[in-house]
Amino acid sequence: MANNTDGENYRFGYKASGDASELVRLCREYGLAAFIVSPVMDKNQRSYNGAYRSINSSDKGQVSSTRVRHALALGDVDYVAKLLGRKHRLVLSLDKQFCSQKRILVPRSCMLNQPPKDGAYYNCTVLVDDKLIGPASVVIDTENINIELDDESLEAQDIILDHQFIGIEFG
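Below is the structure:
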């Protein structure tokens, strides 16, 4: 690591005693570059059940990984895309999948990052090893991720043969 980018309110160390200025000083001392950025504010704070939901008492509306994880847990992939400035991509390792003609079934144990809430998601995009494959519908349940390819010309078995990762972009 040669560079470190963090927000103005970044804290680190024992009892969060270090702050952004201390990080800059330490990075400079050890020959690293530190970049401190201003917070990106969430202009679209979503209302759930008629009230704005604060993530915690120090939440001032800034975009944060906590806010993104919270929206994913609620299954609000459109809001996640607004927070990230791009679609959320769920990454799965391909080592225990099952394929049929148009379906790929992958156990949840193959997930490499946080999925959205269990449920059905349409207008998703499938990528294999970062190569765009095409549109799909996805159902996430307590045990599996079920991917159904929308393109009639694609065969699931041919797509994932000899590949390591599949990505699903939501929204």
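According to my numbering, the sequence shown is numbered sequentially starting from 1119.
Note that CB positions come from ideal geometry on N, CA and C, so glycine has one too.
Which of helix, strand or coil does DSSP assign to residue i?
i	result
Glu1126	coil
Tyr1170	With a pLDDT of 47 at Tyr1170, under the threshold of 50, the predicted position of this residue should be treated as unreliable, though the coordinate-derived value follows. Strand, per DSSP.
Glu1147	helix
Leu1141	helix
Ser1156	coil
Ser1218	coil
Lys1249	strand
Ser1227	helix
Mind checking whether residue i and residue j have CB atoms under 8 Å apart?
i	j	result
Leu1272	Ile1251	yes
Val1186	Val1195	no
Val1224	Asn1162	no
Asp1160	Leu1202	no
Phe1288	His1206	yes
Between the Cα of residue i and the Cα atoms of the options, which residue gives the shortest distance?
i	options	result
Asn1121	Ala1134, Leu1150, Gln1282, Ser1182	Leu1150
Asp1236	Ala1134, Thr1260, Ser1135, Gly1125	Thr1260
Ile1154	Gln1232, Leu1190, Ser1139, Glu1147	Ser1139
Ile1064	Arg1226, Asp1248, Gly1193	For the chain, the structure presents residues 1119 to 1289; residue 1064 sits outside this window and is missing.
Glu1126	Asn1162, Tyr1132, Gln1180	Gln1180
His1188	Pro1234, Asp1213, Val1246, Ala1152	Pro1234
Val1244	Ser1182, Leu1192, Asp1269, Glu1147	Asp1269
Glu1158	Lys1214, Leu1279, Ser1182, Gly1193	It should be noted that the sequence gives Val, not Glu, for residue 1158. Cα-wise, what sits closest to Val1158 is Ser1182.
Lys1214	Leu1279, Glu1147, Gly1136, Ala1191	Leu1279
Apart from the five residues on each side of it in sequence, which residues of its chain come closer than 7 Å, Cβ to Cβ, to residue i?
i	result
Ala1274	Cys1217, Ser1218, Gln1219, Lys1220, Arg1221, Ile1222, Leu1267
Val1209	Leu1230, Asn1231, Phe1283, Gly1285
Tyr1277	The question names Tyr, but residue 1277 in the sequence shown is Ile. Val1246, Ile1251.
His1281	Leu1212, Val1246, Asp1247
Within its chain, find whatever has a CB closer than 6 Å to the CB of residue i; leave out the 5 residues flanking it on each side and keep chain order.
i	result
Val1256	Tyr1239, Cys1242, Ile1265, Ile1286
Ile1258	Pro1233, Asp1236
Ala1152	Asn1122, Leu1141, Val1142, Cys1145
Gly1168	Confidence at Gly1168 is low in this model, with a pLDDT of 42, below 50, so its placement is unreliable and no value can be given for it.
Gly1193	Pro1234, Lys1235, Gly1237
I'd like the list of long-range same chain contacts for residue i, defined as Cβ closer than 8 Å, with 5 residues on each side in sequence excluded.
i	result
Ser1156	Gly1125, Glu1126
Ser1227	Lys1214
Problem set entry | Every unbroken alpha helix (DSSP H) inside the segment 1175-1203 [4 residues or more] | If we require 4 residues or more, the alpha helix (DSSP H) runs fully inside the segment 1175-1203 come out as 1183-1192, 1195-1202.
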